[in-house]
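The sequence shown maps to residues -22 to -1, 1 to 300 in mature numbering (1 follows the signal peptide of the UniProt record, and there is no 0). Glycine included, C-beta positions come from ideal geometry on N, C-alpha and C.
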Amino acid sequence: MALRTVGSVLMVFLWSVAVALGQIGWSVTYTKKSICTLKGSTVEMSCSIRYPSWHKVKTTFWFTKMYDVENYVNLKDDPVYQGRVTYHSDKTNGHTLRITDLRESDFAEYKFRFITDQTGGKYSGYPGVTLSVTDLQVKVTTTWWSTTLTCSTTCTLTGNPTYIWYRNSKIAQKDPSPSYSLYLKTEDSFYCAVKDINSPAVSVEGHSYFHVTYTQQRICTLNGSSVDISCSYTYPSGHTVSETIWYTKGKLNEAPQILSPGYGGRVEYLGNMQSDSTLRITDLREEDSAEYKIRFRTDQTTWEPTFPGTTLTVTGTTAGHI
């Protein structure tokens, strides 16, 4: 009785060892676990396989569907992928699936299966590679001072792509960022692209935001003279300008200096203050040399432009406009 029990235990042990040995070396390792790419583009998915050295691989294929046990649908036999799928294998057990002319309906988990010449020599790699397919769309976001165009996708594109922005079909920007900002009103059309895939074009005509246009970027004039520094500005409808302030940007480590009307008896504000303003400075001195900018307050917000103002240079020898 004891010998029979020992024999049974030994057989179970040997069977367990055989099963364990049979599983050694079986694997499918995918280069990427997930991929997000564009509709109309081409994608490649790669994997490497391992199996016992006494086996020889006879059949390999990629699949997304299985209808029953051992009833896998080879992608090459799936009418949905007809003419769009190719396989490539190398001598080091690497395998690549290539799908062209991608469609949003290609969203799926793609898995690799191989079959060897030995009984029971079949293996599928789970989980596989999740493929998401998206298109490019331009989203327009308008604030009080600018319009931002964003090249939008439903998933984050794989591979850190470069986004190319076209303005009236001419390249305006190439950048890893999907956003493009405007600070001027325009009737131009815009679209974005990644490689050779384009978004639909959009127009930002009619979008209203804050903007300031300085009459001159640089002025050079004489010590003791007077100068007019002028600008015009726009803002969204529904706003009313309640306060206009001119100031100097300030030199290194210096705070901006507000130039209130009557400041030092040499400063005067001119203009209608709703769409244009002029800063007049009299009895100019060399220390008045600085960059002059405007900011204004409406009944809804305060806005200060970030782009350059007018640079004034006061000299004792020459005068003129640059």
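Ser267 places its beta carbon 8 Å or farther from that of Leu237.
Under the DSSP definition of a beta bridge, Gln151 partners with Trp143. Residue state for Leu257 is assigned as strand, using DSSP reduced to three classes. If you draw a straight line from the Cα of Asp166 to the Cα of Ile197, it comes to about 32 Å.
The beta carbons of Gln235 and Thr222 sit about 16 Å from each other, so the pair does not count as a contact at 8 Å. Sixteen is the threshold: when 16 or more other Cβ atoms of the shown chains lie within 10 Å of the Cβ of Ser177, as they do, the residue is buried.
Cα atoms of Gln194 and Val118: separation of roughly 31 Å, rounded to the nearest angstrom. Taking the CA atoms as reference points, Thr9 sits about 12 Å from Leu75. A direct Cα-Cα distance of roughly 19 Å separates Ser255 from Leu162. Residue nearest to Thr7 within the set Ser208, Asn71, Leu262 is Asn71 (criterion: CA-CA distance). As a beta-bridge residue in DSSP terms, Lys117 pairs with Thr128. Excluding the 5 residues flanking it on each side, Tyr50 has same chain C-beta neighbours closer than 7 Å at Phe41, Met44, Arg91, in chain order. Cβ atoms of Tyr144 and Phe168 come within 8 Å of each other, at about 7 Å.
Beta bridge pairing from DSSP links Ala171 with Ile142, Asn176. In its chain, beyond the 5 residues on either side, Ile77, Leu109, Val111 have a beta carbon closer than 7 Å to the beta carbon of Asp84. Between Val21 and the set Asp55, Glu246, Val63, the nearest pair of CA atoms involves Val63. Rounded to the nearest whole angstrom, the C-alpha separation of Arg28 and Gly3 is 5 Å.
For the pair Tyr158 and Leu127, the CB atoms are nearer than the 8 Å cut-off. Under the DSSP definition of a beta bridge, Val245 partners with Ile259. One thing to note: Ser31 has its Cβ no nearer than 8 Å to the Cβ of Leu80.
In chain order, His189 place their CB closer than 6 Å to the CB of Thr212, counting only its own chain and leaving out the 5 sequence neighbours on each side.
The beta carbon of Gly106 is closer than 6 Å to those of Glu87, Tyr88, Lys89 in its chain, skipping five residues each way along the sequence. Note that the C-beta distance between Thr164 and Lys152 is not below 8 Å. Taking Ser24 as the centre and dropping the five residues before and after it, the same chain places the C-beta of Thr9, Thr74 closer than 6 Å to its C-beta, in chain order. Between Leu257 and Ser181, the alpha-carbon positions lie close to 36 Å from each other.
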